[in-house]
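Heads up: the protein sequence lines correspond to chains V and F, in order.
Counting from -7, one number per residue, gives the positions in the first sequence under the numbering used here.
Counting from -7, one number per residue, gives the positions in the second sequence under the numbering used here.
Each remark here refers to the structure printed beneath this line.
There are 2 protein chains.
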Amino acid sequence: MSKIRHITSPAGFVAAGVKAGIKASGKEDVTIVAGLRDCDAAVVTTRNQVFGEPVRYVRSVLPKGCGTVRAMVVNSGCSNVCTGAKGFADAKEMAAIAAGLLGTNKGKILVASTGIIGHRLPMDKVRSGIKAAAAALSRDNDQAALRGIMTTDTREKYALVQTRIDGKLVTVGGMVKGSGMIAPSLATMIGVITTDADIAPRALHQALTEAVGGTFNAITVDSDTSTSDTVAVLASGQAGNKRITASAGPGYAKFAATLKEVCGELARAVVIDGEGATKLVEIAVCGARSDAEARVAAKSVADSPLVKCAIHGGDPNWGRIVCALGKSAARVDPRRLRVWIGDVGVFARGMPLKFNVKKVQRHLAGKVVRIDCDLGLGGGCAAVLTCDLSREYIAINADYHT
Amino acid sequence: MSKIRHITSPAGFVAAGVKAGIKASGKEDVTIVAGLRDCDAAVVTTRNQVFGEPVRYVRSVLPKGCGTVRAMVVNSGCSNVCTGAKGFADAKEMAAIAAGLLGTNKGKILVASTGIIGHRLPMDKVRSGIKAAAAALSRDNDQAALRGIMTTDTREKYALVQTRIDGKLVTVGGMVKGSGMIAPSLATMIGVITTDADIAPRALHQALTEAVGGTFNAITVDSDTSTSDTVAVLASGQAGNKRITASAGPGYAKFAATLKEVCGELARAVVIDGEGATKLVEIAVCGARSDAEARVAAKSVADSPLVKCAIHGGDPNWGRIVCALGKSAARVDPRRLRVWIGDVGVFARGMPLKFNVKKVQRHLAGKVVRIDCDLGLGGGCAAVLTCDLSREYIAINADYHT
């Protein structure tokens, strides 16, 4: 039986996910992804001003967002957010325990936690979980490691892309969790990416920052930016490519494109698994005065509950799209604006077009909906992925109790 | 049988609402509110860059937002938005017909339309409706006039407040429609306010602008700013107070406070009638670096689908409140932040407090929920009214078809 591999597919990594009893469900809840040796690493974390103690710890270990890392330890079931100095000590202890077991120091261990806010970690369970995970590290546990970072996720979300740099095969693998409270501002809730590329930390950080801009930072399930968003990438260097040391040149470009492809696949998977989502919605805006304005306009449409409800109901409601564009901080002139749903033009020169309603309804009935908006004012472009808004979202989030 | 009066309660006004066949439901859909003579008037309209042709017409008639007005004509069932030059001509014709019937010129008639976007007005029905309404103008038709401006509203929303200026009784009455697509940016969808105060147009405009800031502009049902938001106030001057000509002095202050009270009651009624709403939620933020930042922070909480779902479910989920504050553009320091639900402190110094969960749940089970946040950073304060987010909102907006 062939094993599914993603984070241990690049050479030089092992992983494990174990059931430590933190989650009420009894499923895997402690995960370690480790390099066989020290790795070059980069990390991006949430822009929410309220952020978890694990985020604080990661920033203390990698103040510039990059450096040398041996492993990342993640637990689910409790996010260690709003837990004060004791919570920070817990995050540090998680790193210290893992460091001891892996024969390194705690400054080379990243930590992340996801789950309920405002509760201390059950450290007895966390400690024994980290020990069990360290003992189970192998190249056969990728899916258990992935389940160990999941919370309300209903799908296992991972990606694997290969490229060739200097004639050497380079692999980038990644896994991600996230379903609600998704409007990442730097990263999605938790993502772990590995690669065997040989790349220096600063170049790796640059590639990661570029990659998240158009991927994790361009998705929204419910406009709520989490307190725990963290995406880390570890590079073992075992692919044998000529070490990439600058954020320029063909080697860097190939690696950055591959990393972005992995981030893009993972981000897309998060939206598809959005709470209550039944459709993936791509909103592309071009013709804005700048890329930044295009993104603001696309986000305004993607976060509009009225647009999301209309898509859920299969209604070609171009009016709500135009309204959401108009309320945004981006410059919009309805007389220059053009809007398409699927490949059908529905709005131009300030007015609705006569369009084939049945054709648009057929498009809206599918699993992937595409909305294109041309603001007609400049060369700025951006795309945002979102999902529809369903009764199920309300059920999940009104019936969830802290 | 005593009649309900609001817009004709101030001396010098008549009103009517008639069934013109524009709405499929067959209910009232053309309304006129008229002064017996020319009135001083002020108007505020949507900040959405996509705005209706009636808004364009109102701006052409009152380019500074104030002047002399005889009457306002409103239709529901069709908003005359995204209808181009022909739609503008329709709006102008509505004004011209009413002006002819009332013996004035079309520059003294305000118009507003609400309902579906992107359809031309059925002008035959509009013409005969305006004629019928003009013939029915009286002081006994306030409720019919109110029904004539309603769309998805489930409640008749009006307000009446009196004060004494220079020893004279001054009355301000108003009615409003709005239920979904409510995050007004200058005004709610359509509000008509009358007063018998004697006040000059510029002072009236100043008072209206001040009033909407903390009322219509401080509510949100679903974060979607409409294309048709219009609030107008007409002053007949028949109360006999000394004419208020400047936006200062005791007469102005009393009038402005009274107008704000009417706007506040109407805004509150809009939120209570929010689509799918089961609770009114007041979010007050103090201790911000400025009033503007307080408002941004309060809006971030009020627009958070996760917070709104938690309130709907009766869950004391302070974590989502803190998360929504943290993601906002306002400066937030979790260590200085304090949060109360009802009068129970739930968060302070970066961590949850031990609180009486049952007591908070009892508060959340009520019809009015209050959340107070002290950012602890300065003297800026603001409050925003919103409602909870329910399956019913999705039902209304996913099953609605254009």
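From the three backbone atoms N, C-alpha and C, an ideal C-beta is built for every residue, glycine too.
Along the length of the segment 298 to 376 of chain F, whole alpha helix (DSSP H) runs at least 4 residues long occupy 310 to 319, 349 to 356, reported in chain order. For asparagine 389 (chain V), the uninterrupted alpha helix (DSSP H) segment begins and ends at 383 to 390.
For the pair isoleucine 275 (chain F) and lysine 56 (chain V), the Cα-to-Cα distance works out to about 37 angstroms.
Relative to the Cα of leucine 102 (chain V), the nearest Cα in the group V:Ala63, V:Gly266, V:Arg354, V:Lys(-5) belongs to V:Ala63. Taking 8 angstroms as the cut-off, the Cβ atoms of valine 118 (chain F) and isoleucine 14 (chain F) count as close. When C-beta distances to chain V are compared with 8 angstroms, the residues of the segment 340 to 373 of chain F below that value are Arg341, Gly342, Met343, Pro344, in chain order.
For threonine 75 (chain V), same chain residues with a beta-carbon under 6 angstroms away, outside a window of 5 residues either side, are Glu45, Arg112 in chain order. Where alanine 238 (chain F) is concerned, there is no enclosing beta strand (DSSP E), because DSSP gives it neither an H nor an E. At least one CB of chain F lies nearer than 8 angstroms to the CB of aspartate 391 (chain V).
Cβ contact annotation for leucine 161 (chain V) (same chain, cutoff 7 angstroms, sequence separation greater than five): Gln154, Ala231, in chain order.
Shortest Cα-Cα distance from glycine 279 (chain V) to any of V:Pro326, V:Arg147, V:Val262 involves V:Pro326. Not a single C-beta of chain V is nearer than 8 angstroms to the C-beta of asparagine 67 (chain F). Here DSSP, grouped into helix, strand and coil, assigns cysteine 58 (chain V) to strand. Uninterrupted alpha helix (DSSP H) stretches at least 4 residues long and entirely within the segment 109 to 160 of chain F occur at 115 to 128, 134 to 139, given in chain order.
Of the residues V:Thr270, V:Thr222, V:Arg354, V:Ile313, the one whose Cα lies closest to the Cα of glycine 166 (chain V) is V:Thr222. Per the DSSP secondary-structure output, leucine 102 (chain F) pairs in a beta bridge with F:Met64. Considering only beta carbons, the part of the segment 298 to 314 of chain V lying closer than 9 angstroms to chain F consists of Leu298, Val299, Lys300, Cys301, Ala302, Ile303, His304, Gly305, Gly306, Asp307, Pro308, Asn309, Trp310, Gly311, Arg312, Val314, in chain order. Within the segment 24 to 43 of chain V, contact with chain F at the beta-carbon level (separation under 8 angstroms) is assigned to Arg39, Asn40, Gln41, Val42, Phe43. Per DSSP, the unbroken alpha helix (DSSP H) holding valine 263 (chain F) starts and ends at 242 to 264.
Between the beta-carbon of phenylalanine 5 (chain V) and that of alanine 26 (chain V) there is about 7 angstroms, and that keeps the pair under the 8 angstroms contact cut.
The CB of lysine 169 (chain V) never comes closer than 7 angstroms to any CB in chain F; the least such distance is about 17 angstroms. Secondary-structure assignment with DSSP links glutamate 274 (chain V) through a beta bridge to V:Arg362, V:Leu377. For threonine 201 (chain F), the enclosing alpha helix (DSSP H) has its first and last residue at 193 to 205. Proline 242 (chain V) counts as exposed, since fewer than 16 other C-beta atoms from the protein chains shown sit within 10 angstroms of its C-beta. By the criterion of a C-beta distance shorter than 8 angstroms, tryptophan 310 (chain V) is surrounded in its chain by Val331, Ile333, Val338, Phe339, Pro344, once the five residues flanking it on both sides are discounted. Neighbourhood of valine 324 (chain V) in chain F, by CB distance below 8 angstroms: Gln41, Val42, in chain order. Listed in chain order, the non-local C-beta contacts of arginine 328 (chain V) below 7 angstroms within the same chain comprise Leu367, Gly368, Leu369, local neighbours out to five positions each way being set aside. Note: alanine 227 (chain V) is bridge-paired with V:Asp32, V:Thr187 in the DSSP secondary-structure output.
In chain order, Cys301, His304, Leu381, Ser382, Arg383, Tyr385, Ile386 make up the part of chain F whose C-beta sits under 8 angstroms from the C-beta of isoleucine 386 (chain V).
Secondary structure at phenylalanine 43 (chain V): coil, using DSSP grouped into helix, strand and coil. With a cutoff of 8 angstroms on beta-carbon distance, alanine 125 (chain V) and glycine 18 (chain V) are scored as not near each other.
Counting along the chain, the unbroken beta strand (DSSP E) around alanine 7 (chain V) starts and ends at 5 to 10. In the DSSP annotation of this structure, the continuous segment of the alpha helix (DSSP H) that includes alanine 284 (chain F) starts and ends at 283 to 294. The C-beta separation of serine 282 (chain F) from glycine 372 (chain F) comes to about 4 angstroms, placing the pair in contact by the 8 angstroms criterion. Counting along the chain, phenylalanine 80 (chain F) sits inside the alpha helix (DSSP H) bounded by residues 76 to 94.
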